[in-house]
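Peer 1: In this note's numbering, the protein residues as written are 0 to 320. Provided herewith is a single structure, encoded as structure tokens, for subsequent inquiry.
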Amino acid sequence: MVNIRHNILKVLRQSPGLFVSGGELSRFTRISRAAVWKHVTALRREGYCIEARSRCGYRLMEEPDRLRPGDLETKGVVYHPVLDSTNLEARRLAEAGAAGDLVIITEEQRRGKGRRERLWASPPGVGLWFSLLLRPREFASWHVSPVTLVVAASICRTLREITSLPAAVKWPNDLLLGGRKICGILTELKGEPDHIDYLIIGIGLNVNHVPADFPSSLRETATSLYRESGRRWDRTDLFLSLLENLKTDLECFFREGFAPFRPVWKEYTCTLGKRVKVAWPGGLLEGTALEVDGVGALLLEDDQGTRHRVTFGELDDPANI
Ligand code: BTN
């Protein structure tokens, strides 16, 4: 079903603004003209504006801002129109015995998970909400902590290449544009110290949001590619580019560790050299971020000149730094 509609759209897109006859669509999709009409009606219900004119055929006038499941599924990605959370779905699949190397994406999350049990607003039509389920069996848990930095650097590189916008990585799991948050990463792991059962990497990227798409509490501190560039981005194409680079970079990380990524991360970061605050046992630690070490920990110098090695945590919101 989805593939037939995908093929109808493919043909219509090849002739922008022009009519394609019912006969041509029926030949290409190998279904009757009556069935073409039924699928066009279904596509209209999904928000596609398709003009039908007798003796001319069909013409695609406007597409809804929706992910294209057909394009995603041909790349082995599991698509859901709506989920509670892609991280939760990945966990359910992992617990049910799914093999690794799974990618789950959804148009909308009803209970998107942010860090520290926060909700991650994930409305339909504007963002990319997806999770990778990995089972790097030969890899020990104690070596895995820099994976979030690797993922952040990979996304940053793709965004810079595709949009030419100066995206930056903020230790440990955020991407910023113009000082505002554009992407968050939530990494969850199940395993023993010397063995990973599964690893879930959840990524939320704000793509075509206008300010009203953000909860009012985030309007000042969050941004989107649309807000920064003034143009809308094809989310399916963007996602497929992100995924290609993520797969290459993660393979390299599981083979060679953080070393090849540390210089890249340092090139992209807006954290080093800045004053930062981080939650610390016994209060808030404040100081200057000096360096990221070989396993992704942040070295911070406080106002007394004492150096601290921070292995996990969250730097205060950008507006407060
Ligand atoms: C953060 O707090 O910065 C991390 C946000 C991570 C959000 C993404 S959206 C896709 C995936 N599924 C979730 O439920 N959360 C992550």
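C-beta atoms are modelled at their ideal positions from N, C-alpha and C, and glycine is treated no differently. Being a predicted model, the structure only gives us computed values, none of them experimental.
#1: May I ask whether a heavy atom of the ligand BTN can be found less than 6 Å away from the beta carbon of residue 128?
#2: Could you tell me the alpha carbon to alpha carbon distance between residue 148 and residue 269, rounded to whole angstroms?
#3: Using the rule of at least 16 other Cβ atoms within 10 Å of the residue's Cβ for burial, across every protein chain shown, is residue 172 buried or exposed?
#4: Per DSSP, what kind of secondary structure is residue 13 in: helix, strand or coil?
#5: Exposed or buried, residue 108, counting other C-beta atoms within 10 Å across all chains shown (16 or more means buried)?
#6: Do three or more CB pairs link the segment 120-135 to the segment 198-208 at distances below 8 Å?
#7: Quick one: residues in its chain with C-beta nearer than 6 Å to the C-beta of residue 21, no 5 flanking neighbours on either side, listed in chain order?
#8: Would you call the segment 73-89 in contact with the segment 110-128, where contact means no fewer than 3 C-beta pairs closer than 8 Å?
#9: Does any heavy atom of the ligand BTN sit closer than 6 Å to the C-beta of residue 84?
#10: Is DSSP giving residue 215 helix, strand or coil here?
#11: Quick check on residue 205: does DSSP put it in helix, strand or coil?
#12: Can you find at least 3 beta carbon pairs, one from the segment 298-311 and one from the segment 176-189, that sit closer than 8 Å?
#13: Got a sec: does the ligand BTN put a non-hydrogen atom nearer than 6 Å to the Cβ of residue 112?
#14: Does the pairing of the segment 53-67 with the segment 6-16 give three or more beta-carbon distances under 8 Å?
#15: State whether the segment 279-288 contacts the segment 138-152, with contact taken as three or more CB pairs (one from each stretch) at a distance under 8 Å.
#16: Write down the C-beta distance between residue 279 and residue 203 rounded to the nearest angstrom, noting that I regard them as a contact closer than 8 Å.
#17: Should residue 214 be labelled buried (16 or more other beta-carbon atoms within 10 Å of its own) or exposed?
#18: Once the 5 residues before and after residue 218 are set aside, which same chain residues still bring their CB inside 8 Å of it?
#19: Beta carbon of residue 225, beta carbon of residue 234: below 7 Å?
#20: Use the C-beta contact count for residue 68: other C-beta atoms within 10 angstroms, 16 or more gives buried, fewer gives exposed.
#21: Going by the beta-carbon positions, is the gap between residue 152 and residue 179 smaller than 7 Å?
#22: Start and end of the alpha helix (DSSP H) containing residue 153?
Peer 2: Quick answer:
#1: yes
#2: 13 Å
#3: Residue 172 comes out buried.
#4: helix
#5: buried
#6: yes
#7: 32, 35 and 56
#8: yes
#9: yes
#10: helix
#11: strand
#12: The segment 298-311 vs the segment 176-189: no contact.
#13: It does: the Cβ of residue 112 is within 6 Å (strictly closer) of some heavy atom of the ligand BTN.
#14: yes
#15: no
#16: At roughly 26 Å, the Cβ-Cβ gap does not stay under 8 Å, so residue 279 and residue 203 are not in contact.
#17: Under this definition residue 214 is an exposed residue.
#18: So the list reads 210, once near-sequence residues are dropped.
#19: Taking 7 Å as the Cβ cut-off, residue 225 and residue 234 do not qualify as a contacting pair.
#20: buried
#21: no
#22: 146-162
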